[in-house]
Structures are given as structure tokens and as C-alpha cells.
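Enquirer: Pasting a structure here, questions to come.
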Amino acid sequence: MARKTKQEALETRERILDAAETLFQRRGVSRTSLQDVAQQAEVTRGAIYWHFKDKAELFDAMMQRGTMPLEEGVSLHAPPAEALSLAELRWGLVNVFYCAMHNERTRRVFEIAMQKVEYTGEMQALHERKQGARRTWREQNKAAFDRAVAQGQLPTGLDTQGAAIALVSMVDGLLHQWISDPDSFDLLAVGSTVVDNFLTSLGRAAGPSLLPPMSAAELARLGQQAVCSLGTAPPSPAATASENHGPAD
Numbered sequence: 001m002a003r004k005t006k007q008e009a010l011e012t013r014e015r016i017l018d019a020a021e022t023l024f025q026r027r028g029v030s031r032t033s034l035q036d037v038a039q040q041a042e043v044t045r046g047a048i049y050w051h052f053k054d055k056a057e058l059f060d061a062m063m064q065r066g067t068m069p070l071e072e073g074v075s076l077h078a079p080p081a082e083a084l085s086l087a088e089l090r091w092g093l094v095n096v097f098y099c100a101m102h103n104e105r106t107r108r109v110f111e112i113a114m115q116k117v118e119y120t121g122e123m124q125a126l127h128e129r130k131q132g133a134r135r136t137w138r139e140q141n142k143a144a145f146d147r148a149v150a151q152g153q154l155p156t157g158l159d160t161q162g163a164a165i166a167l168v169s170m171v172d173g174l175l176h177q178w179i180s181d182p183d184s185f186d187l188l189a190v191g192s193t194v195v196d197n198f199l200t201s202l203g204r205a206a207g208p209s210l211l212p213p214m215s216a217a218e219l220a221r222l223g224q225q226a227v228c229s230l231g232t233a234p235p236s237p238a239a240t241a242s243e244n245h246g247p248a249d
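When we follow full-length UniProt numbering, the leftmost residue of the sequence shown carries the number 1, and every step to the right adds one.
Written as C-alpha cells, this is what we have:
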């Protein structure tokens, strides 16, 4: 009998999470109350509070459930015991693209997290956790690149920190674009190619730059457009460089 009661509790929890996922996607997180979730799940508010202390905890549980298919790849919450190889890093990122395209729950929670939630008030703690996860992701990328440099796969002079930041920004940008307009491109095909090209480009990092450094004239033009000149304009990069280095001898 106790086993059945436990099973019933698990089923109720899943029903609450299903209801929250549906309403958060439809209305947004801030416009959905726990009472709304209770009505959608056909349970009492007391049942919700039995499983979740507040909406933030409910949201967090919904996100964790939706991103479970990604756990076989790159973990965004805890660094692996050993740095990933480049092949493992690539597989993990492509797996994110695959799950976003082919797992409806994963796609929904990505959409909610990117478009339907404001990380203010009771959600502020989750915003801090999200920032921590992003830092962990960057650290994982850097560790993988450092390992590849040590093994001779990537050039010794590679800026692994900069490469780690660039990879996160690139993958994050692809996901945001696709979630906003899923019919605009094939996320798996485009994402796989972009990741491959990026990793390949890192192997050529020691070669000559495609473009020369920006000239003093180009630096002086930065921020000169009307949209950039509202308020007090900062000193131009060229002027700053001159102040830091003084007049030429």
C-alpha cells in the first residue's frame, strides 16, 4: 500500500510539472500563479506546496526534467572529473542541438527559459544559478581546449579562455535564433557544421590573421554613429591609446 502511495505522489508531481510547463509556455512564468497551475493539474494548492516550496522551485524542477536528455553530453551544472576531449566536447554540443530539435519537452523548456521568464523577485536566485551554470560551461570548454593544447591538437599560443567564451556565445546564439524561428534553418545540420568549423579554425589560430589590426582611423570612428552618441560619449579608443602610451619618441 505504501508503494502505491509513493507512486501516486510521483504521478501527482509529474502532473504538476506538466501543467506548469504548459502554462509557462502559454502565458509566461510571471503571469502564471501557483493557483493557475493547481487548476490546470486538477490538484489543490496544498498538493503543489507538498512538492515545491514556491514557484521558483517548481520552475527549476521543470527545467531539470526538460534538460535530462542533455545529461549524457556536456553537463552545465558540474564540471566533469576529467577534461573532455575535443570529440567529446563536439558530441555534447551536437547532442544539445539534436535534443532541442527532436525532444519536445527540451524544446519547450528552452523556449520558456529564453523567452517566457523574467529573472526578478522570487526568480532572482535562479538567475544567479543560471549565471553559475554558464560559468561552468565556459570552464568546461577551456579545460577541453587546454587539454587539446597539451596533447598537441591545438596550437600552444591559443587563447583558450577567449575560445571558450566564443564557443558558448556561438552555441547560445544558434539556440536563441532557432527557438525564435524553428522553421528558419535546420539546427542540427547548421549547428554541427558551425561547431566543426569553429574547432577547425582554432587549429589554425597560430597562422596569419585574415585582416590586419584596426587602424587609428578605424578606431576613431567607433561609437560615432548617432545611436552610439546619446549621452556622454567616452573618449575614442585612439585617444585612449595615445594617453596610455604617450607621444611617440
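Cβ atoms here follow ideal geometry from the backbone N, Cα and C, with glycine treated the same way.
Is there contact between the segment 35 to 43 and the segment 111 to 128, where contact requires at least three CB pairs shorter than 8 Å?
Expert: As far as the Cβ criterion goes, the segment 35 to 43 does not touch the segment 111 to 128, which means the pair count is below three.
Enquirer: Just to confirm my understanding: we take residue 71, look at its own chain, exclude 5 residues before and 5 after, and list those with CB closer than 8 Å. What are they?
Expert: The residue you call residue 71 lines up with position 71 of the sequence shown. Reliability of the predicted coordinates at residue 71 is poor, the pLDDT of 49 falling under 50, and the value obtained from them is presented with this limitation in mind. If we look at residue 71 and ignore the five residues flanking it on each side, it has no Cβ neighbours.
Enquirer: Put residue 132 into one of helix, strand or coil per three-state DSSP.
Expert: For the purposes of this step, residue 132 is taken as residue 132 along the sequence shown, with counting starting at 1. Here residue 132 sits in helix by DSSP.
Enquirer: If you reduce the DSSP assignment to three classes, tell me which class residue 171 lands in.
Expert: Translated into the one-based positions of the sequence shown, residue 171 becomes position 171. If DSSP states are grouped into helix, strand and coil, residue 171 belongs with the helices.
Enquirer: Is the separation between the beta-carbon of residue 100 and that of residue 110 shorter than 8 Å?
Expert: Taking the first residue of the sequence shown as 1, we reach residue 100 at position 100. Taking the first residue of the sequence shown as 1, we reach residue 110 at position 110. In contact: residue 100 and residue 110 (Cβ atoms closer than 8 Å).
Enquirer: Short check: CB of residue 174 to CB of residue 190, under 8 Å?
Expert: Residue numbering aside, residue 174 sits at position 174 when the sequence shown is read from its first letter. Residue numbering aside, residue 190 sits at position 190 when the sequence shown is read from its first letter. Result yes, Cβ atoms of residue 174 and residue 190 sit closer than 8 Å.
Enquirer: Assuming contact is defined by CB atoms lying nearer than 8 Å, are residue 170 and residue 113 in contact in what I supplied?
Expert: Here the question's residue 170 lines up with position 170 in the sequence shown. Here the question's residue 113 lines up with position 113 in the sequence shown. No, these two residues do not count as a Cβ contact at 8 Å.
Enquirer: Under the assumption that residue 19 contacts residue 47 (Cβ atoms under 8 Å), give the Cβ distance between them as a whole number of angstroms.
Expert: Against the sequence shown, residue 19 aligns to sequence position 19. Against the sequence shown, residue 47 aligns to sequence position 47. Rounded, the Cβ-Cβ distance is 11 Å, inconsistent with contact.
Enquirer: Rounded to whole angstroms, what's the CA-CA distance from residue 6 to residue 50? Just pull it up for me.
Expert: Sequence index remark: in the sequence shown, residue 6 carries index 6 (1-based). Sequence index remark: in the sequence shown, residue 50 carries index 50 (1-based). Distance between the alpha carbons of residue 6 and residue 50 is about 13 Å.
Enquirer: On the CB-based measure, 16 or more other CB atoms within 10 Å of its CB, does residue 185 come out buried or exposed?
Expert: Locating residue 185 in the sequence shown gives position 185, counting from the first residue. Result: exposed.
Enquirer: Measuring only between beta-carbons, confirm whether residue 16 sits less than 8 Å from chain B.
Expert: Among the chains of the structure shown, chain B does not appear; only one protein chain is present.
Enquirer: To the nearest angstrom, report how far apart residue 135 and residue 143 are at their CA atoms.
Expert: Residue mapping note: residue 135 aligns to position 135 of the sequence shown, counting from 1. Residue mapping note: residue 143 aligns to position 143 of the sequence shown, counting from 1. In a straight line, the C-alpha of residue 135 is about 12 Å away from that of residue 143.
Enquirer: Is residue 27 helix, strand or coil when you go by DSSP?
Expert: Along the sequence shown, read from residue 1 onward, the residue named residue 27 stands at position 27. Reduced to three states, the DSSP call for residue 27 is helix.
Enquirer: For the alpha helix (DSSP H) that contains residue 88, what are its first and last residues?
Expert: Numbered from its first residue, the sequence shown carries residue 88 at position 88. Here the alpha helix (DSSP H) through residue 88 covers 86 to 102.
Enquirer: Would you call residue 106 buried or exposed, if buried means 16 or more other Cβ atoms sit within 10 Å of its Cβ?
Expert: Here residue 106 is taken as the residue at index 106 of the sequence shown, counted from 1. Looking at its Cβ environment, which holds 16 or more other Cβ atoms inside 10 Å, residue 106 is buried.
Enquirer: Select from 116, 44 and 56 the residue whose C-alpha is nearest the C-alpha of residue 28.
Expert: Numbered from its first residue, the sequence shown carries residue 28 at position 28. Measuring from the Cα of residue 28, the nearest candidate turns out to be 116.
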